[in-house]
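Chains as they are written, first to last, in the numbering used here: chain A, 333 to 559; chain B, 3 to 522.
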Amino acid sequence: MTIQKLWSNIYIFLKAFYDKMLAGRKNPFLMITHPVETMEDLKYKKNGSVIYASLLLIAFTVSAIIQEVATGFIYSTLRIKDFNILVVLCTSGLMVLLFVIANWALCTLLNGEGRMVDIYVMTCYNLTPLIAFNLLSTFLSRFMISSEFTFVSIVGVCCNIWFVVLMFYGAMTIHNYKFWGTLLNLLASLVAMAIIFFLIFLFIVLVQQLYVFILTLYTECRMRLLS
Amino acid sequence: MKNRFVRFGAIFMVMLVIASMLAMPSSAYIAFNTYNYNYYGEVVVTPSGYTPEKVYYGEDLGVGEMTNAVDIYVSPQNEIYILDYYGSENIARLHIFDSNFKLLKTLTTLTANGHPYTMNLPESVVVDKYGYIYICDTGNRQVLKLDKDRSGKIIQTIGAPNSDLFTGDFKPTKVAIAKNMSLYVICAGALDGIMEFNEQGVFLRYFGAPDVQMTLADMVTLAWRRFYRALLGKDADQAFVTFVPTEFENLVVDDYGFVYAVIAAAGEENTDQLMKMNFLGNNILDPTAKSTKKISNTLSRTYGDLVRRATKSQGNIFKDVSVDEDGFITMLDTNLRKVFEYDSEGNLTFVYGAHGKQQGLFYTPVAMAKLGKKTLILDAYFGSVTVYDQTQYGRTLHEAIILYDQGLYEDAENYWIEVLKNNANCELAHIGLGKVYYQYGRYEDAINHFKIANDRFNYEDSFSLYRESVISQYFNLIMTLLVVLVVLLIIWRVFGKSILNFIKEKKQGGGNHDDTEAVE
Chain A
333 MTIQKLWSNI YIFLKAFYDK MLAGRKNPFL MITHPVETME DLKYKKNGSV IYASLLLIAF
393 TVSAIIQEVA TGFIYSTLRI KDFNILVVLC TSGLMVLLFV IANWALCTLL NGEGRMVDIY
453 VMTCYNLTPL IAFNLLSTFL SRFMISSEFT FVSIVGVCCN IWFVVLMFYG AMTIHNYKFW
513 GTLLNLLASL VAMAIIFFLI FLFIVLVQQL YVFILTLYTE CRMRLLS
Chain B
3 MKNRFVRFGA IFMVMLVIAS MLAMPSSAYI AFNTYNYNYY GEVVVTPSGY TPEKVYYGED
63 LGVGEMTNAV DIYVSPQNEI YILDYYGSEN IARLHIFDSN FKLLKTLTTL TANGHPYTMN
123 LPESVVVDKY GYIYICDTGN RQVLKLDKDR SGKIIQTIGA PNSDLFTGDF KPTKVAIAKN
183 MSLYVICAGA LDGIMEFNEQ GVFLRYFGAP DVQMTLADMV TLAWRRFYRA LLGKDADQAF
243 VTFVPTEFEN LVVDDYGFVY AVIAAAGEEN TDQLMKMNFL GNNILDPTAK STKKISNTLS
303 RTYGDLVRRA TKSQGNIFKD VSVDEDGFIT MLDTNLRKVF EYDSEGNLTF VYGAHGKQQG
363 LFYTPVAMAK LGKKTLILDA YFGSVTVYDQ TQYGRTLHEA IILYDQGLYE DAENYWIEVL
423 KNNANCELAH IGLGKVYYQY GRYEDAINHF KIANDRFNYE DSFSLYRESV ISQYFNLIMT
483 LLVVLVVLLI IWRVFGKSIL NFIKEKKQGG GNHDDTEAVE
């Protein structure tokens with residue numbers, strides 16, 4: 333009886349969540365079949381969903397982790413004891429966030445129209461081909477030998493090209509740029525990502541030194557005042 | 003009463019002695035770990051392949067104290083030749099022993115054309131298949147050939163060659179003799195490679211100079227030098243360092259005429275410290291063809307320790323190389339005092355020995371030779387020869403590798419299983435056993451062994467065949483299911499609608515009938 337009640341409560345909650353947050357929002361899978369239309373809806377109807385986008389980002393990160401861990405023996409030299417989840421996070425999920433920040437920072441300088449939410453939603457909606465390829469290649473790598481895997485690599489190249497085209501069109505629509513403007517925006521975003529990365533690194537090093545300095549000061553004071 | 007105590011005491015003592023004798027280890031404690039490297043370049047400790055058997059000091063050998071030993075060589079007739087300098091004047095002596103270390107002869111003064119001849123700081127000695135002795139008389143700048151009757155009569159001298167190819171000082175340090183009587187000489191300061199002389203002592207050629215290995219910084223310097231040369235002409239070169247090949251430290255020739263040479267390579271980011279050269283001087287130790295490939299190509303090409311050390315003084319310095327009748331190559335590292343043994347493909351089999359003054363360790367090793375399967379190491383500090391003998395494990399591994407190299411994979415199976423019983427981490431054994439199972443058609447076992455040994459190349463071969471066998475096993479089932487599915491689909495496509503209609507009609511008819519009944 334109570335279990336039935338629990339299930340019904342969960343159902344009611346999910347239903348309410350869906351109605352409030354997701355109903356009427358753009359389904360990210362429409363990006364596969366109707367990219368142009370979806371992109372323009374995101375821009376003009378503002379019906380993109382941050383929740384869908386975040387789910388896709390999580391899916392992308394998880395798929396990257398799965399690819400790292402579960403790729404077949406022939407294609408991976410990783411031992412599970414050498415696996416570092418932080419490295420995978422930094423190269424997948426955090427990289428997307430870094431791109432969003434860099435692109436937003438640049439578009440304010442280069443007269444782009446996009447808001448940060450728009451950029452985030454657009455980028456995450458575009459991740460679908462990458463997620464699909466990560467999972468597909470991981471699955472196939474477990475029972476394919478390297479001569480057959482060439483076809484999978486070709487699919488991988490296609491997926492990457494598709495992703496770049498989607499990003500290009502997305503940035504063009506969101507920021508209302510022309511062709512060269514978009515190219516400049518995307519390339520500059522990459523440079524900005526590098527700069528942000530450098531600044532974060534610098535910040536960490538400086539904080540570490542500050543910490544050591546304060547610690548030394550504290551130790552020195554304690555030794556001199558208490559002894 | 004007292005007697006009884008005494009008797010009990012005596013019995014107790016006897017039992018104690020017997021117990022302690024039983025508890026004594028069957029072999030002496032070995033003061034070093036024998037190890038190997040795995041696929042990732044990490045140290046893996048293995049059972050000992052060689053253990054110190056006996057140490058012969060100069061007094062034991064009957065030649066007095068050897069204060070300054072230089073070289074040891076085992077001739078094809080299994081006689082041991084030791085070269086040392088005696089006393090404060092450094093008088094060179096050549097001791098000849100039989101294979102049981104019984105002194106046969108000591109040569110101090112030689113005779114050249116009836117006149118006495120003294121050697122001046124000779125550095126190496128070799129003997130050919132007929133028994134002629136060749137000595138690198140480094141101080142006198144020539145190579146001596148002595149008569150085979152051990153009388154010390156010099157029958158030929160090879161001095162600085164009269165050739166346009168040769169420039170500079172002829173200072174022979176190491177010498178090797180091939181079966182076809184060509185003489186290979188390493189000359190101090192000669193950067194063009196190994197010098198080859200024919201039987202008459204005529205200089206033929208240089209060969210086998212190793213490639214110049216450059217770091218990124220060196221390449222930048224080189225590009226900078228090219229830039230300056232373009233501006234200023236040839237004079238600009240004087241301001242820059244020149245990049246020359248590394249000198250060989252030592253060499254040995256096997257029965258098939260392959261020349262094995264080592265480079266010292268201390269602490270530098272060097273690869274190919276060991277080279278097995280064919281007649282053309284090309285290195286035929288192929289890192290892509292050997293069984294135990296490492297995770298990176300650089301690691302596959304590196305001989306000696308794979309773990310890079312921080313300072314130069316902690317790196318390998320190879321001074322001697324020798325090869326036994328089965329093609330196992332042994333290198334002596336005089337800096338870390340270790341011996342590295344490779345098989346003929348270049349797979350590491352054992353690293354043994356360590357630095358120390360204890361018996362069985364090395365303090366100042368200078369030279370090494372193989373007497374059958376035994377390793378003789380000449381220690382200059384003690385003036386001693388340490389004999390290392392193979393253990394049962396080492397013998398089994400060697401036997402397995404020999405059969406494997408001959409392609410007799412199936413004969414090697416029991417040896418590999420025996421090796422794995424002693425050392426489950428032996429990658430070579432896993433690869434060997436994998437190949438055996440591959441030949442038998444037991445692909446599942448084969449892929450398991452290749453997976454443990456991280457051999458992706460052979461894994462793929464076995465895996466594709468294993469996959470085929472699995473597919474053919476379940477082919478009937480899969481095809482039957484597919485056919486049934488297709489037939490069902492066709493039935494659905496053809497009769498589906500009429501069946502649905504039929505069901506609907508029946509339901510509606512039945513429903514009506516029920517209703518009417520209820521009404522009635």
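Just so it is clear, CB atoms sit at the ideal spot from N, CA and C, and this is done for glycine as well.
Asked: Cutoff 7 Å: residue 403(A) Cβ touching any chain B Cβ; Found: no
Asked: Chain B within 7 Å of residue 493(A), Cβ atoms only; Found: no
Asked: Alpha carbon of residue 115(B) to alpha carbon of residue 40(B), nearest angstrom; Found: 57 Å
Asked: Between the CA atoms of residue 394(A) and residue 467(A) - distance to the nearest angstrom; Found: 10 Å
Asked: DSSP three-state assignment for residue 228(B), whether helix, strand or coil; Found: helix
Asked: Burial state of residue 118(B) (16 or more Cβ within 10 Å); Found: exposed
Asked: Within chain B, partners of residue 409(A) - CB distance below 7 Å; Found: 297
Asked: Residues bridged to residue 126(B) (per DSSP); Found: 138(B)
Asked: Rounded Cβ spacing between residue 194(B) and residue 178(B) (contact assumed at less than 8 Å); Found: 17 Å between Cβ atoms; not a contact.
Asked: Residue 324(B) versus 363(B), 318(B) and 264(B), residue with shortest Cα-Cα distance; Found: 264(B)
Asked: Opening and closing residue of the beta strand (DSSP E) in which residue 197(B) lies; Found: 195 to 199
Asked: Contacts around residue 244(B), its chain only, beta-carbon distance under 6 Å, and the 5 residues preceding and following it disregarded; Found: none
Asked: Straight-line gap, residue 398(A) to residue 231(B) (C-alpha atoms, nearest Å); Found: 54 Å
Asked: Test item: CB-CB of residue 520(A) and residue 438(A) under 7 Å; Found: yes
Asked: Cutoff 7 Å: residue 292(B) Cβ touching any chain A Cβ; Found: no
Asked: Burial state of residue 358(B), where buried means 16 or more other Cβ atoms lie within 10 Å; Found: exposed
Asked: CB contact below 7 Å: residue 152(B) versus chain A; Found: no
Asked: Helix, strand or coil at residue 414(A) [DSSP, three-state]; Found: helix
Asked: DSSP state of residue 273(B) mapped onto helix, strand, coil; Found: coil
Asked: Three-state secondary structure assigned by DSSP to residue 207(B); Found: strand
Asked: Option in 53(B), 51(B), 56(B) and 84(B) with minimal Cα separation from residue 68(B); Found: 84(B)
Asked: N- and C-terminal bounds of the alpha helix (DSSP H) containing residue 499(A); Found: 478 to 507
Asked: Where residue 400(A) falls, given that 16 or more other Cβ within 10 Å makes a residue buried; Found: buried
Asked: Residue 364(B) versus residue 339(B) - alpha carbon distance; Found: 6 Å
Asked: Contacts that residue 478(A) makes with chain B (C-beta to C-beta distance below 8 Å); Found: 462
Asked: Neighbour-count burial assignment, residue 410(A), 16 or more Cβ in a 10 Å radius; Found: exposed
Asked: Given residue 385(B) as reference, the closest of 16(B), 34(B), 70(B) and 36(B) once Cα atoms are compared; Found: 70(B)
Asked: Residue 165(B) at chain A interface by Cβ criterion, 7 Å; Found: no
Asked: Neighbour-count burial assignment, residue 351(A), 16 or more Cβ in a 10 Å radius; Found: exposed
Asked: Exposure of residue 414(B), with buried meaning 16 or more beta-carbon neighbours within 10 Å; Found: buried
Asked: Contact set between the region 197 to 212 of chain B and chain D, restricted to residues whose Cβ is under 8 Å from the partner; Found: Absent from the structure: chain D. Protein chains present are A and B.
Asked: Residue range of the unbroken alpha helix (DSSP H) whose run includes residue 375(A); Found: 367 to 376
Asked: Residue 341(A) - DSSP class collapsed to helix/strand/coil; Found: helix
Asked: Option in 180(B), 388(B) and 422(B) with minimal Cα separation from residue 63(B); Found: 388(B)
Asked: Proximity test, Cβ basis, 7 Å: residue 482(A) and chain B; Found: no
Asked: DSSP-derived helix/strand/coil call for residue 106(B); Found: strand
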